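A.B. asks: First, the structure itself, so that you have it in front of you.
Chains as they are written, first to last, in this note's numbering: chain F, 23 to 134; chain D, 48 to 164.
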């Protein structure tokens, strides 16, 4: 079965610092990859997704992620974080038709 | 963007009772919806796939007689936790895909916090 690993469970950054959250998946075939964000008290929202084409995908709020097939990775990046980016971030992989497998999540705290 | 709602947002019930949670896609039709369970400080675990007009598909280890799923229409799926026990206390989240087949993006509901006393 597909599995998704997020290596950083908690990340604390100061505003303007750069962010990179790791995500690795296990499946070796064709995959669709997603990053979702859950702000405090809110529901999951899609940040960005990769289906095919350019492996560097740009999402909302200045986030981007790079799909590296050889490393089974889909790391999330942002050059300069803001306090409002404090949230929990989930990497997910599409396993078969529409079914998503989620990583364990990374809690990001950005201090002002 | 697409909107998915859940009702209720919070429910507290006594052990042994049944609880129904509704998931609605408000501005699009969904022949498939997904039900997840999220434990504190853990990730979302897929419980089952709700299929309009047919039986739900349950993930391994999920009791289908305990977690009854009904996909009554193209915009409504319900999850009923039957004979709830304290260990069923959790955060239940539904999602619905919207878009082209095979490349759908999932839209998530706000979740339902179930507490079983």
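Glycine included, C-beta positions come from ideal geometry on N, C-alpha and C.
It should be emphasised that the depicted structure is a prediction, and the values quoted were computed from it without experimental measurement.
Rounding to the nearest angstrom, what Cα-Cα distance links residue 108 of chain D and residue 38 of chain F in this structure?
C.D. replies: Rounded to the nearest angstrom, the two C-alpha atoms are 44 Å apart.
A.B. asks: Between which residues of its own chain and residue 34 of chain F is the CB-CB distance below 6 Å, once the five residues before and five after are set aside?
C.D. replies: Correct list, in chain order: 131.
A.B. asks: Would you mind sorting residue 124 of chain D into buried or exposed? The rule is 16 or more other CB atoms within 10 Å of its CB.
C.D. replies: Classification of residue 124 of chain D: buried, given that the 10 Å Cβ count is 16 or more.
A.B. asks: Does residue 133 of chain D get closer than 7 Å to chain F when you measure Cβ to Cβ?
C.D. replies: For residue 133 of chain D, the answer is no, since every Cβ of chain F falls outside 7 Å of its Cβ.
A.B. asks: Could you check the C-alpha separation between residue 96 of chain F and residue 53 of chain D for me, to the nearest Å?
C.D. replies: So the two alpha carbons sit approximately 30 Å from each other.
A.B. asks: Indicate the three-state DSSP secondary structure (helix, strand or coil) for residue 110 of chain D in the structure shown.
C.D. replies: Correct three-state label for residue 110 of chain D: coil.
A.B. asks: Whole beta strand (DSSP E) runs in the segment 47-125 of chain F with 3 or more residues, listed along the chain?
C.D. replies: The qualifying runs are 55-60, 67-72, 78-80, 86-90, 95-100, 109-116, 122-124.
A.B. asks: Per DSSP, which residues does residue 153 of chain D bridge with? Please list them.
C.D. replies: Answer by DSSP bridge pairing, in chain order: D/144.
A.B. asks: Across which residues does DSSP place residue 117 of chain D in a beta bridge pair?
C.D. replies: Per DSSP, D/125.
A.B. asks: Can you give me the C-alpha to C-alpha distance between residue 139 of chain D and residue 60 of chain F, rounded to a whole angstrom?
C.D. replies: Residue 139 of chain D and residue 60 of chain F: Cα-Cα distance of roughly 15 Å.
A.B. asks: Taking 7 Å as the threshold (C-beta atoms), are residue 84 of chain D and residue 137 of chain D in contact?
C.D. replies: In this structure, residue 84 of chain D lies closer than 7 Å to residue 137 of chain D by Cβ.
A.B. asks: Relative to chain D, which residues along the segment 118-130 of chain F have a C-beta separation below 8 Å, given in chain order?
C.D. replies: Hits within the stretch, in order: 119, 120, 121, 122, 123, 124, 125, 126, 127.
A.B. asks: What whole-angstrom Cβ distance do residue 113 of chain F and residue 28 of chain F have, given they're in contact under 8 Å?
C.D. replies: Correct: roughly 6 Å between the Cβ atoms.
A.B. asks: Give me the DSSP bridge partner(s) of residue 33 of chain D.
C.D. replies: Because chain D in this structure spans residues 48 to 164, residue 33 of chain D falls outside the shown range and cannot be described.
A.B. asks: Thinking C-beta only, is residue 72 of chain D closer than 7 Å to residue 127 of chain D?
C.D. replies: No; because the gap between Cβ atoms is not below 7 Å, this pair is not in contact.
A.B. asks: Please confirm if residue 137 of chain D has its CB atom under 7 Å from at least one CB of chain F.
C.D. replies: It does not; no Cβ of chain F falls within 7 Å.
A.B. asks: Under the rule that 16 or more other beta-carbon atoms within 10 Å means buried, what is residue 51 of chain F, buried or exposed?
C.D. replies: Residue 51 of chain F comes out exposed.
A.B. asks: Tell me, please, whether the segment 60-74 of chain D touches the segment 92-109 of chain F by the rule of three or more beta-carbon pairs shorter than 8 Å.
C.D. replies: No: fewer than three Cβ pairs fall under 8 Å.
A.B. asks: With distances taken from CA atoms, which of F/134, F/107, F/49 is nearest residue 84 of chain F?
C.D. replies: Of F/134, F/107, F/49, the residue nearest in Cα terms is F/107.
A.B. asks: From residue 95 of chain D to residue 74 of chain F, what distance separates their C-alpha atoms?
C.D. replies: Looking at the two C-alpha atoms, the distance is approximately 27 Å.
A.B. asks: Residue 95 of chain D bridges to which residues according to DSSP?
C.D. replies: According to DSSP, residue 95 of chain D bridges with D/82, D/105.
A.B. asks: For residue 145 of chain D, which of D/160, D/92, D/76 has the nearest alpha-carbon?
C.D. replies: Nearest option by C-alpha distance: D/76.
A.B. asks: According to DSSP, is residue 42 of chain F helix, strand or coil?
C.D. replies: Residue state, collapsed to three classes: strand.
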